[in-house]
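Participant:
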């Protein structure tokens, strides 16, 4: 196998497993540049599967694998979707205050919890739950913790792909998901103290 074919195989497998590859993340930059420079070859790999590869140049610097078949896309659980919505909102807020050359958008756990609190959800995201949700978002190159999530000042790096995974057209659906979740989980509260009577498995 030639070096070019090896890199093509590596990039194709990476996109299959992670949906996105980012040029602004150091350990992904070589793959992004390969996809950028060999876009037709990468697209040819996925065309028989009914998938397309979309390249988003700067400032996003991302390549996305898009499955055209309905029902074949990755599906997030309720709290994963809600966390993604919160991270998208925080990403847009932070991006406005950063210089155009800044690569990283970092948010704190405290900022995430504050936004979740505004939604009046009956269940607070504890650390183990937040870590579990972030493992999924990290898998799809949407966000990742910076070090360990040991407290409210712990940081999360949010990738620009949150804008692609949750485009403007889907925001109404995500907001409706928050409302549904708040309504459903209220059924599990004890009227006398407002705490959860059972553990809700997401």
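Numbering (full-length UniProt numbering), first residue to last: 1 to 202.
Built from N, CA and C at the ideal position, the CB exists for glycine as well.
Straight-line CA distance for residue 125 to residue 31?
Facilitator: Start at 1 with the first residue of the chain shown, and residue 125 comes out as number 125. Start at 1 with the first residue of the chain shown, and residue 31 comes out as number 31. Straight-line Cα distance between these residues: approximately 34 Å.
Participant: Give the secondary structure of residue 25 by DSSP, where H, G and I count as helix, E and B as strand, and everything else as coil.
Facilitator: If you number the chain shown from 1, residue 25 lands on position 25. If DSSP states are grouped into helix, strand and coil, residue 25 belongs with coil.
Participant: Using the C-alpha atoms, what's the distance from residue 150 back to residue 128?
Facilitator: As a position in the chain shown, residue 128 is number 128, starting the count at 1. As a position in the chain shown, residue 150 is number 150, starting the count at 1. Answer to the nearest angstrom: the Cα atoms are 10 Å apart.
Participant: Quick one: grab the DSSP three-state call for residue 67.
Facilitator: If you number the chain shown from 1, residue 67 lands on position 67. Strand, per DSSP.
Participant: Please list the terminal residues of the continuous alpha helix (DSSP H) segment that includes residue 52.
Facilitator: Residue numbering aside, residue 52 sits at position 52 when the chain shown is read from its first letter. Premise fails: residue 52 lies in the beta strand (DSSP E), 51-56, not in any alpha helix (DSSP H).
Participant: Name the one or two DSSP bridge partners that residue 157 has.
Facilitator: Start at 1 with the first residue of the chain shown, and residue 157 comes out as number 157. According to DSSP, residue 157 bridges with 106 and 144.
Participant: Exposed or buried, which one is residue 139 when buried takes at least 16 other CB atoms within 10 Å?
Facilitator: Along the chain shown, read from residue 1 onward, the residue named residue 139 stands at position 139. Label assigned to residue 139: exposed.
Participant: Nearest CA to the CA of residue 164: which residue from 46, 60 and 25?
Facilitator: Taking the chain shown and counting its residues from 1, the one referred to as residue 164 is at position 164. Of the candidates 46, 60 and 25, the one whose C-alpha sits nearest the C-alpha of residue 164 is 60.
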